[in-house]
Every structure is written in structure tokens, then in C-alpha cells.
Amino acid sequence: MSSFTGKILRVDLTARSAESVSVPPEVYEAVLAGKGLEAWYLYKHIPAGADPLGPENILAFAAGALCGTGAFLTGRWTVACKSPLTGGWGDANCGGLFAPAIKQCGYDAIFISGVAEEPVYLFCDGKSVELRDASAYWGLDATEAEKALHRDLDGVCRKKPCVACIGPAGEKLSLISGICNEGGRIAARSGVGAVMGSKKLKAVVLAGARPMPCHDPETVKALSKELGRKLLKMTLPTGLGVFIGAGGAMMGHLPNIPLDGSLTAYMFREWGTQANTSLAITSGDGPIKNWGGTPRDVRLMEVVYNPEHINRIETAKYHCYSCPLGCGGKLNIRGRKYAQFDETHKPEYETIEAFGPLLMNWSLDSIFQLNELLNRAGMDTISAGNTVAWAIECYENGILTREQTDGLELSWGNTGAILELVEKMIAREGFGDAIADGVKRASERFGGKEYAMHVGGQEPGMHDARNDPQLGVHFVAEPAPGKHTVGMSIEYGAMSLCDICSWAPPAVLHDKEDELSASMNMALISKANACYTMLVDGAGGCYYGQMMGVHMWKLVEYLNAAEGWDYDGDHYMEIGERIQTLRQLFNIKQGYDPAAVRLPDRMAGIPPLPSGPLKGVTLRNREQVAAHWKAFGWDRHRRTDGGGTMTKKHPVFDYLPCVSCGICAQACPVSALGMSREGKSGKYRNVFPELVTDGCIGCGQCARACPMDVITMEEDA
Amino acid sequence: MRVKILPPHGCDRNALDARSWAELPEGIRVRDALRLIRCGPLKAKLLLMSVNGERCTPERELHDGDVVGFFFPVSGG
Ligand code: SF4
Ligand code: SF4
Ligand code: SF4
Numbered sequence: 136m137s138s139f140t141g142k143i144l145r146v147d148l149t150a151r152s153a154e155s156v157s158v159p160p161e162v163y164e165a166v167l168a169g170k171g172l173e174a175w176y177l178y179k180h181i182p183a184g185a186d187p188l189g190p191e192n193i194l195a196f197a198a199g200a201l202c203g204t205g206a207f208l209t210g211r212w213t214v215a216c217k218s219p220l221t222g223g224w225g226d227a228n229c230g231g232l233f234a235p236a237i238k239q240c241g242y243d244a245i246f247i248s249g250v251a252e253e254p255v256y257l258f259c260d261g262k263s264v265e266l267r268d269a270s271a272y273w274g275l276d277a278t279e280a281e282k283a284l285h286r287d288l289d290g291v292c293r294k295k296p297c298v299a300c301i302g303p304a305g306e307k308l309s310l311i312s313g314i315c316n317e318g319g320r321i322a323a324r325s326g327v328g329a330v331m332g333s334k335k336l337k338a339v340v341l342a343g344a345r346p347m348p349c350h351d352p353e354t355v356k357a358l359s360k361e362l363g364r365k366l367l368k369m370t371l372p373t374g375l376g377v378f379i380g381a382g383g384a385m386m387g388h389l390p391n392i393p394l395d396g397s398l399t400a401y402m403f404r405e406w407g408t409q410a411n412t413s414l415a416i417t418s419g420d421g422p423i424k425n426w427g428g429t430p431r432d433v434r435l436m437e438v439v440y441n442p443e444h445i446n447r448i449e450t451a452k453y454h455c456y457s458c459p460l461g462c463g464g465k466l467n468i469r470g471r472k473y474a475q476f477d478e479t480h481k482p483e484y485e486t487i488e489a490f491g492p493l494l495m496n497w498s499l500d501s502i503f504q505l506n507e508l509l510n511r512a513g514m515d516t517i518s519a520g521n522t523v524a525w526a527i528e529c530y531e532n533g534i535l536t537r538e539q540t541d542g543l544e545l546s547w548g549n550t551g552a553i554l555e556l557v558e559k560m561i562a563r564e565g566f567g568d569a570i571a572d573g574v575k576r577a578s579e580r581f582g583g584k585e586y587a588m589h590v591g592g593q594e595p596g597m598h599d600a601r602n603d604p605q606l607g608v609h610f611v612a613e614p615a616p617g618k619h620t621v622g623m624s625i626e627y628g629a630m631s632l633c634d635i636c637s638w639a640p641p642a643v644l645h646d647k648e649d650e651l652s653a654s655m656n657m658a659l660i661s662k663a664n665a666c667y668t669m670l671v672d673g674a675g676g677c678y679y680g681q682m683m684g685v686h687m688w689k690l691v692e693y694l695n696a697a698e699g700w701d702y703d704g705d706h707y708m709e710i711g712e713r714i715q716t717l718r719q720l721f722n723i724k725q726g727y728d729p730a731a732v733r734l735p736d737r738m739a740g741i742p743p744l745p746s747g748p749l750k751g752v753t754l755r756n757r758e759q760v761a762a763h764w765k766a767f768g769w770d771r772h773r774r775t776d777g778g779g780t781m782t783k784k785h786p787v788f789d790y791l792p793c794v795s796c797g798i799c800a801q802a803c804p805v806s807a808l809g810m811s812r813e814g815k816s817g818k819y820r821n822v823f824p825e826l827v828t829d830g831c832i833g834c835g836q837c838a839r840a841c842p843m844d845v846i847t848m849e850e851d852a
Numbered sequence: 164m165r166v167k168i169l170p171p172h173g174c175d176r177n178a179l180d181a182r183s184w185a186e187l188p189e190g191i192r193v194r195d196a197l198r199l200i201r202c203g204p205l206k207a208k209l210l211l212m213s214v215n216g217e218r219c220t221p222e223r224e225l226h227d228g229d230v231v232g233f234f235f236p237v238s239g240g
């Protein structure tokens, strides 16, 4: 037994049908579950040129391989589809309880195609699958809809249902909308909410209670116990947060050192991700004034965003399923300025940065309100913040007039105007409507493209590549561009990947300037980061587990125990590489040109900033991205014209012993191999395997599956 | 035995290999590791230290495969 259910649920909203489909074990061997399974399925089944908001697009929800095995920090669910924001691969991930809920219905993933005629929600309790009328919930914000569904289903299901739903932003097809669960935790990126809205699917409600399989639960439990025991002891003296801003200022000037990643756990346990805000302001990590400012522009703002302010109003920690760390929290915001609500999830760093320093907004209270508003609406705070920043800069420079902004005085740090604008974006009213599809669309309509910070159509996460050039590589090279959760130098130094992967370079003490190099060594670091992140996503792991390092969160040991395998780190990194390659292939199939993606000049340091920790830095981003591709063995030209295979190995056939059994073609996870080559076997006419698409990912599954040793894997020329 | 040591800023790494591992005799403690990386007593007082992610004191004994981390609370991790 492994940890996979071996089944996926396929739903067609147009035909109002659903079927359970078995997945061959080779697929799991090749790509695990989670994002890997989604990449495998979507690459195959979304036709080239599909309209992201049309019936051909498929919306996928998946749990990771380790979800439900007892492994810690493996409760993340991933949603994937063709992104309406970028036109290429789209995905977003989120915590909460939805990942185990998928598995408890008996599936590793749910794939939804078609478009419903009227608003519906998908209900599954592990026995039956139904599409139910959702007209009573359409129009409600995500938190209210979840509450209403819980109320209406109370007593009807034996198990309390888990709800993933969209808010008004997704219903109104905002291209920067996401999908929510657990009262406003949101899988925010890539416009996944608009895809759900276009399908008229308000919610997915899961109430299954099946056991979740695992090969060796005792070993998994022992690994978790060891980690849990350590984490329990990780507490910091109260009040230390006030020094973080000063620490960041120091860090901006020190060389980078490999750290013990476990120490990040102290920060996440004590404060959550918001601990990073004051650090980011002073160190150069956090963008200021629409990526064009320096700490001088917001002098002492780190005091306002000091993490202790938020800790003081935290009423409880919030843990995703299977997480002993608990970086989340619930805040009591009753009676605070601007607050219309009593409670909110602790805002993440990304949200605070995007509506604080990025807009030169000094009001922490306004951020609680914005956080709750956007979470309820189901709108991505990163994209919304970048879009508002563009609007402000356009207004300040006369590109937008007061008439165009519906009378809003969009000056830097004008908290009232920022709040009003966000409300209008959510309601899609007036000027808010015009910019509710993100900064790329907004700047195409109104101008001010030089102020529009997006990469390949998606607004970037709140970490500055001029501070950590590795981020810039992933912003551009990642198949869902603009993501900040694929790799950074500082994390690489903390993860000790070299201890599990033979080709991952050791992290060493180095000066910041060294990170600007486009050497193969740097490229192997960015490749290792990307491969490991994909592996973690296939396992359903949390980025913060990953950051603790391989000696703390023992992913390789976890996977071997949960699946009954005996693979080493190199083998698992190859799985990560395969997932990343499949996502890239998806883009090529969809006509998204990865070679055309660029960092905006400003983000690349053209021209460089005149002062502060990032003074004088200009990235060599294009060279670094080219080296990254080279490290992956991806051929730039063949890739971009779709005429190549992107593999480093390919199958070659010695047909003599071939018995035409078809096992190899069935084993191929991407259907690159077909039984279509006509020939003779002895005196009989027969068919033999051959490559039938450009999609071979070089995984070798065909060679492993063939009982007659017909196939060997050869290095590409 | 082999131990991985991740020193804070301003310490000496000469005793460590490229992957930050050091070959050390059995029975040594965290305080010996501090000496190895030339971390002065004053600095050592300010540091949080951990072995395999577990907070510890300088008296903690080390074993083969241990990972020793140090962390200035003010350096922000
Ligand atoms: S919440 Fe506590 S009791 Fe429940 S599984 Fe986790 S550690 Fe065990
Ligand atoms: S560390 Fe935070 S985000 Fe990650 S699983 Fe735990 S609570 Fe969720
Ligand atoms: S044809 Fe390529 S992708 Fe398919 S199984 Fe063989 S090596 Fe893997």
C-alpha cells in the first residue's frame, strides 16, 4: 500500500456528470500527487488554445502525496488550471482542512471541466457526487458562503463538510481572484477564482470520511514525533520582535551565510510571516513605493509594522491540517479604526507589505480591514496591492486624472482613498472595475506601463530581486511567473539541499554581489530550489516546512516510509524536475512563450536605486535565466517553437524482441509514446511503440515498464 | 565523527569543509564547537544555539551526523 488513493474524480459541469477514474501507479512514481498530478493531467487534457474562462479549461484541486499519512506540514491543497492572468500555467496553494477532505472522499484530486448553466456547488461525501443549486449562496462573500453552507448542511452529513469557495471577486471574473476556505484563507494566485467563477461553480463541498492510506504509518509517526518534540521547545522570549527592524538594517550590509533553517521555525511560531515586515523594510527585501522607493522614503515605518503590535491582539494561533508550527492566527480587531469586522485572520507578510510600504501607507489598522475585505471577496492581496500602487503612481504623475479615478485623491499613503479604491475593485464599480483585472490590463487601458509591475501578466510577490537575485530568476523562469515561493538565496542557505542531492551546490558564505553571477553554480542553485519546491508541492508540503531544512523536515524519509519506496534524494529531485518540466511544457503547448517573459526594468534595477541597501544594484536577470534553463537542460529555441522535447534523455527502441504488448505506452505519464509504428514481427504485421508527441519528459517509465528490454534511455545529443 | 556546523557572522569557517561539515573526535560538546569556529565568550552569550533544531546549552554533547546551528536573535534569522 502507498499513500495514494489511486483515483481521481472527473466532473463535467456542462454535461452535469461525474466519474471516478483510476490512475496508474506509474504516474504517482513519476510525479507524486498534488501539483505533479495536476501537471500530468492538465498538460494532457486542456487543449491548446483553450479559453481560460471557457468550458475547455479544467480546474483542478489536489492533495499532496503525504497528506493524511501522519507527516507534519503536509496539509496544503493546490488548485491549478490555465491561468486567465498569464495565459499559461496557473496554480495557487492554500492551507486549512481542504487537502485531507479531498483524500477522505477517496480521491487524490478533482478535475472540473465545462460550465454550469446556473450557479452550482459540487458536493461529495465519498459515496455520492452531486451538483447542487447554489443560487442561495451566489453573491455572498466567501466567509458568509462557507458559514451558510455549514449551517445548511449541519446534521445532514455525518462529517462536518469542508468548503472551498469563491467570493464576489471570482463571481465577477476578476482576473486577480482566488479560492477561499476556512473563513478567508485563500489560494490566491494566477486568477484561479475567475476560472471557478466562469464555471458558475460557487463552492466545492467535501464531507467524506474514508481512511487515508499510508505504507508504514509507524515510521512516519516516529519522524513526526521527533520533529514535534523539537518544535514544542522552540519559543522565544516575548518582545524580541522590536529588534527585528534593526536586525534587518544590519543584514542589508552583511555577507550571506548558510543558516540553520530550523531557526526560521522560531519566527513562524512566535509571529508568523508578518515577522518579516519590519525586517523587509530595512533590509531591502520588501518593495517600497511601487518598487521604486528606498527605506528613506518610509523612515521608521518598521516601528509601525513591528510584529509585536499584531501579537498583542492575537487571540489564538491558527494551524493548517497536520501542522505543528501554526504560523497563522486569529486577531481581535473589534473597534479598531476602519474595522467593520470583529475578527480577521492574521494578515500575512505579503498583504502587509503590499498595502503598507508598497503604498507608503502608515496605518496598520487599515491593513486589518483590507485583509478581511479582500479575503472575503476572494481577491489576491499581492496583485491588488501592486495594482493600487500602479494607480497611485499614475495619479501622482498625471497619467490618471481625478475624473478618471471617480474623484479619489490617489496620493501615496492616502489610507482613505486606498480603502475606497479596493472596495470599488471588489464591487467592480467605476474606476475600481476598470482595474480589477490586475495591473497589466489596467496599464494597457490607461497607460503608465512603466509603472506596471508584472511578470508575464502576474504581479510579483513582495520580495525584491535586487536584494536576492535568485528571486528574479524564479519570477521569470517559473511557469507561473511572478511567484515568490520557488526559491531565494537565503532559503537555499537554510535548507542544506546539498545534504540530500549530489548535484546541489553547497551553500557557502558569500558577498551579496556574488549572487548577481550567471555562473553554472548559481544556476544549479536556482534549479535545485525549483526542483525541491516542486517535490514539496507534489508531496503537499508547506513552504515553511521546506525552509526548516532537510535535517528538520525529513521529506525523503517521509516519502520512503509513506510509499514503501527506497529512493534517495537524487531520485526525488528528479521527480521535482519532471513536475517543473511538465508545467513548462504546458505553457509551450498553450502558446505561452517563456522566452518572452521579462522583469520590468525597475525591478531589475534599470536604472539602479540611488540610495539604501539596494543602492547601485542592476540585475543580470536575462543571463541568469538563460543559465537556469541550461541547468535544466532545456533548449531555449527548441522549447519556444514547440518543436523539441526538453528532455535530457529519450527512449530508444531495439524492436527485435518487442511483442507489441503496449505496456510501455500505457506507462508513459504524458502519452508521448504511442503504439503507432507499423512493422513486422516475424511474418505478422504489427504495431510498435514510438514517440508520437514532442512531450516526452525523459522519465524512463517506459523503459522500466517494458518486460522485454526493448527500450533504453539515451542522453540527448 | 562528522558534525555540521552553521556558524553566525564573523566566525571562522576554516575548520569546516565546503558543505559546513567537520571531522571531530567523539565526546565533544557544543562549547568545543564554539571554540572551533573561534566564537568569543561574549558573543556566545548572545547566541541561541541548537542541535538538530533543538535548543540547547553549550554543554550539550554532540553525536555523529548532528547539525549545530547558531542564531543571533537580532539578526532576524
Ligand atoms: S493535534 Fe495533537 S493530538 Fe492531534 S494529531 Fe496533532 S499532536 Fe496529535
Ligand atoms: S507553517 Fe503556517 S502555512 Fe504552513 S502548514 Fe503550518 S500553519 Fe499552515
Ligand atoms: S516516452 Fe518519454 S515520457 Fe513517456 S515514459 Fe518514455 S521516457 Fe517517459
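Heads up: the protein sequence lines correspond to chains A and B, in order. Quick note on my numbering: the first sequence kicks off at 136 and runs consecutively. Quick note on my numbering: the second sequence kicks off at 164 and runs consecutively. C-beta atoms are modelled at their ideal positions from N, C-alpha and C, and glycine is treated no differently.
Within 10 Å of its beta-carbon, does residue i have 16 or more other beta-carbons around it, so buried, or fewer, so exposed?
i, result
"A/Val-298", "buried"
"A/Ser-637", "exposed"
"A/Gln-409", "buried"
"A/Arg-88", "This structure cannot speak to residue 88 of chain A, because chain A is shown only from 136 to 852."
"A/Met-781", "The predicted position of A/Met-781 is uncertain, since its pLDDT is 49 and thus under 50; no value can be drawn from it."
"A/Thr-522", "buried"
"A/Thr-213", "buried"
"A/Tyr-819", "exposed"
"B/Ala-181", "exposed"
"B/Arg-176", "buried"
Where do the N-terminal and C-terminal ends of the beta strand (DSSP E) with residue i fall, by residue?
i, result
"A/Leu-172", "Premise fails: A/Leu-172 lies in the alpha helix (DSSP H), 169-180, not in any beta strand (DSSP E)."
"A/Tyr-401", "First-last for A/Tyr-401: 397-405, but that is the alpha helix (DSSP H), not the beta strand (DSSP E)."
"A/Arg-820", "819-826"
"A/Arg-246", "Reading off the sequence, residue 246 of chain A comes out as Phe, not Arg. Element bounds for A/Phe-246: 244-248."
"A/His-785", "784-788"
"B/Arg-165", "165-169"
"A/Ile-846", "846-850"
"B/Glu-186", "184-186"
"B/Met-212", "211-214"
Should residue i be counted as a contact of ligand 4 given a C-beta to heavy atom distance under 7 Å?
i, result
"A/Leu-208", "Absent from the structure shown: ligand 4. Ligands present: ligand 1, ligand 2 and ligand 3."
Using 8 Å as the threshold, is the C-beta distance between residue i and residue j below it?
i, j, result
"A/Gly-328", "A/Gly-513", "yes"
"A/Lys-307", "A/Gly-326", "no"
"A/Phe-196", "A/Ala-150", "no"
"A/Ile-416", "A/Glu-437", "yes"
"B/Arg-223", "B/Arg-192", "yes"
"A/Pro-787", "A/Met-843", "This sequence places Val at residue 787 of chain A; Pro is not what is there. No."
"A/Tyr-256", "A/Ala-338", "yes"
"A/Tyr-203", "A/Cys-259", "In the sequence on display, residue 203 of chain A carries Gly and not Tyr. Contact: no."
"A/Gln-605", "A/Ile-517", "no"
"B/Arg-194", "B/Pro-221", "yes"
"A/Leu-95", "A/Ala-674", "Shown here, chain A extends from 136 to 852; a query on residue 95 of chain A therefore has no answer."
"A/Ala-185", "A/Lys-217", "yes"
"A/Gly-699", "A/Ser-137", "yes"
"A/Val-439", "A/Trp-525", "no"
"A/Ser-359", "A/Phe-207", "yes"
"A/Asp-268", "A/Glu-253", "yes"
"A/Phe-246", "A/Arg-145", "yes"
If you follow the alpha helix (DSSP H) that residue i is in, where does it begin and where does it stop?
i, result
"A/Trp-764", "756-767"
"A/Arg-718", "704-724"
"A/Cys-837", "836-840"
"B/Asp-195", "193-199"
(request) With a floor of 3 residues, list each beta strand (DSSP E) that falls wholly inside the region 327-401 of chain A, ordered by position along the chain. (result) For the region 327-401 of chain A, whole beta strand (DSSP E) runs of length 3 or above, ordered along the chain, are 336-341.
(request) Quick one: which unbroken alpha helix (DSSP H) runs of 4-plus residues sit fully inside the region 522-580 of chain A? Chain order, please. (result) Listed in chain order, the complete alpha helix (DSSP H) runs (minimum 4 residues) inside the region 522-580 of chain A are 550-562, 565-569.
(message) Threshold first: 4 residues or longer. Then list the alpha helix (DSSP H) segments lying entirely within the region 657-697 of chain A, N to C.
(response) Within the region 657-697 of chain A, the complete alpha helix (DSSP H) runs of at least 4 residues are 678-682.
(message) Suppose only complete runs of 4+ residues qualify. What are the alpha helix (DSSP H) ranges in the region 453-507 of chain A, listed by chain order?
(response) Look at the region 453-507 of chain A and you find these whole runs of alpha helix (DSSP H), each 4 residues long or longer: 484-490.
(request) Note down, one range per segment and in chain order, each alpha helix (DSSP H) of at least 4 residues found wholly within the region 196-245 of chain A. (result) If we require 4 residues or more, the alpha helix (DSSP H) runs fully inside the region 196-245 of chain A come out as 233-239.
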